[in-house]
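Before any comments, here is the structure.
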Amino acid sequence: MTVMAVCVWAAAPLLFLGLCLCSVGGHAQGEVLEFGGVSSQWGRFPVWNACCESVLSFSLRTHSQEGLLLYLDDEGFCDFLELLLLHGHLRLRFSIFCAEPAELQSGVAVSDGHWHAVRVKRDWRNTSLEVDGRLEGWAEVKSKRRDMTVFSHTFMGGVTPELHSSPLRLTSPSVREHPAFRGWITAVSINGSLATVDSSEGVTVTAGCGPDHQCQNGGVCSVVNDQAVCDCSDTGYQGNDCSEGKAHVKVLLGSAGVFGKTQ
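The sequence shown runs -28 to -1, 1 to 235 under mature numbering (1 follows the signal peptide of the UniProt record, and there is no 0).
Below you can see the structure in the form of structure tokens.
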């Protein structure tokens, strides 16, 4: 966690007082995508060059047991990578150069309605999966080529109707059979840089943390250490949801105050 502090200094007779107002920030979360679980939904992100050594990460929140989270491929040839919700756990599956797909599944369930940080790391023939900072495992594909070819955009929550109707454009046609994801995804990042959705269908894109955690009076919600946190610093309010009245600082020393004298 990064802590940033802006300090305002005030002087008075016989008193030099520092009032330090601190704003606490964590990982930037970007936009929040809400998926309703309808079959026609999809969110399209820029191409993730998962060729060699690269990382894609995001945070998710769901109560669902099944659903397609992530899909990319070489548009119908040999290489693909998909991440699914299966019985409440994450299942990662991928192939390079038409080899037998390698797969792994998380030991921890993520369908408990809490935010979970997910990290997919590509390392040539190997791909690893982390959940909430813990390595869930890695898998190696037994291919003659070690680098993955990616031509498609990065799809989250579902794939476009054009791909549903054109299975020859999908390297893994079975991706059409997976149920759509229902829940929230935020903080999509490629190699540490936030990625924004290029286009979508059936997806609500907002700035916040989902309907169960709303910030009041203009507060901004962020996911910090996998928890929803309201930033009230620019609102004049305070509290967990920025609703607890205006925050005033008043310091008095005898009959003399920092901001003037009282009679």
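Idealized CB from N, CA, C, for every residue including glycine.
Query                                                                                                                           : Result
Burial state of residue 149 (16 or more Cβ within 10 Å)                                                                         : exposed
Per-residue burial, residue 106 [other beta carbons within 10 Å of its own, 16 or more giving buried]                           : exposed
Nearest-angstrom Cα separation, counted from residue 154 out to residue 6                                                       : 8 Å
Nonlocal neighbours in the same chain, by C-beta distance under 8 Å from residue 215, ignoring five residues either side        : 188, 189 and 209
Buried/exposed call for residue 142, threshold 16 Cβ in 10 Å                                                                    : buried
Among 174, 204 and 103, the one whose alpha carbon lies nearest that of residue 83                                              : 103
Test item: CB-CB of residue 60 and residue 152 under 8 Å                                                                        : no
Supposed contact pair residue 115 and residue 71 - C-beta distance, whole angstroms, cut 8 Å                                    : 4 Å
First through last residue of the alpha helix (DSSP H) which encompasses residue 135                                            : 133 to 137
Distance CB(residue 87)-CB(residue 118) smaller than 8 Å                                                                        : no
Contact check, residue 243 vs residue 99, beta carbons under 8 Å                                                                : Look at the range of the chain in this structure, -28 to 235, and you will see that residue 243 is not part of it.
Of the listed residues 8, 127 and 53, nearest to residue 75 (C-alpha basis)                                                     : 53
Sub-8 Å separation of residue 49 and residue 167 beta-carbons                                                                   : no
Cut-off 7 Å between Cβ atoms - residues of its own chain near residue 140, not counting five sequence neighbours on either side : 48
Close Cβ partners of residue 144 (< 7 Å) along its chain, the five nearest in sequence each way excluded                        : 45, 52 and 54
Cβ neighbour criterion (16 or more within 10 Å) applied to residue 202                                                          : buried
Alpha carbon of residue 64 to alpha carbon of residue 217, nearest angstrom                                                     : 47 Å
Residue(s) in a DSSP beta bridge with residue 74                                                                                : 66
Span of the beta strand (DSSP E) around residue 128                                                                             : 126 to 128
Expected contact under 8 Å - CB spacing of residue 157 and residue 174 to nearest Å                                             : Not a contact, Cβ separation roughly 13 Å.
From 12, 24, 212 and 169, residue whose alpha carbon lies closest to that of residue 68                                         : 24
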